[in-house]
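When we follow numbering that gives the first Met the number 0, the leftmost residue of the sequence shown carries the number 0, and every step to the right adds one. Encoded as structure tokens, the structure appears first; notes follow it.
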Amino acid sequence: MTTVCASSELNARVAVDARCLERLCADLGGDMAAIRGFVSTFMKLWPGRLARVTSAAERADFDDLLDSTLSIRSASRMLGAMRLDYVAEDVERSGRAGDISHVRCLIPSLATTGEQTLDALTGVLDARG
């Protein structure tokens, strides 16, 4: 039996939905400096978030795995990082099911998608000036 580690749906999801950033900007009264601050914080925290998920998976610590995955998901959704949210949701779902093998299989996809998200966020902000 072959384990499938990433869904084909993943590629159908946008890395960053700019409309989410636009809504967030509107909610903040058009304050682009605040948006840049959110994105900068997300980018700075990404390596630690990934390391925490990876460590929790290595230790089969489901509580820490779920907590760290939910941290990624909430931050991703706020910024419109739909692809990253999708992969993190898959990690979360597998963790809730107790399927540590699948969680570990998903970590490389989570890492790659996270890096793609950082690139996409930078591109969206650069396009906005």
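Beta carbons are placed, not taken as given, at the ideal position from N, Cα and C, and that holds for glycine.
Which term fits residue i, buried or exposed, when burial requires 16 or more other beta carbons within 10 angstroms of its beta carbon?
i	result
Ala96	exposed
Val13	exposed
Arg22	exposed
Asp16	buried
Arg18	exposed
Ala67	The sequence as given places Ser at residue 67; Ala does not occur at that position. So Ser67 ends up on the buried side.
Leu105	buried
Gly29	exposed
Arg48	buried
Ser100	exposed
Ala74	buried
Which residues bound the alpha helix (DSSP H) around residue i?
i	result
Arg48	Met31 to Arg58
Ala165	There is simply no residue 165 to check, as the chain begins at 0 and stops at 128 in what is shown.
Gly113	Ile99 to Arg127
Val94	Reading off the sequence, residue 94 comes out as Gly, not Val. Where Gly94 is concerned, the enclosing alpha helix (DSSP H) stretches over Met81 to Arg95.
Arg76	Phe61 to Leu78
Would you check if the distance between the CB atom of residue i and the CB atom of residue j is smaller than 8 Å?
i	j	result
Leu120	Val52	no
Glu57	Arg72	no
Thr116	Arg76	no
Gly113	Trp45	yes
Comparing C-alpha positions only, which one of the options sits nearest to residue i?
i	options	result
Asp98	Met42, Thr112 and Asp60	Asp60
Leu64	Met31, Ser108, Glu88 and Ala80	Glu88
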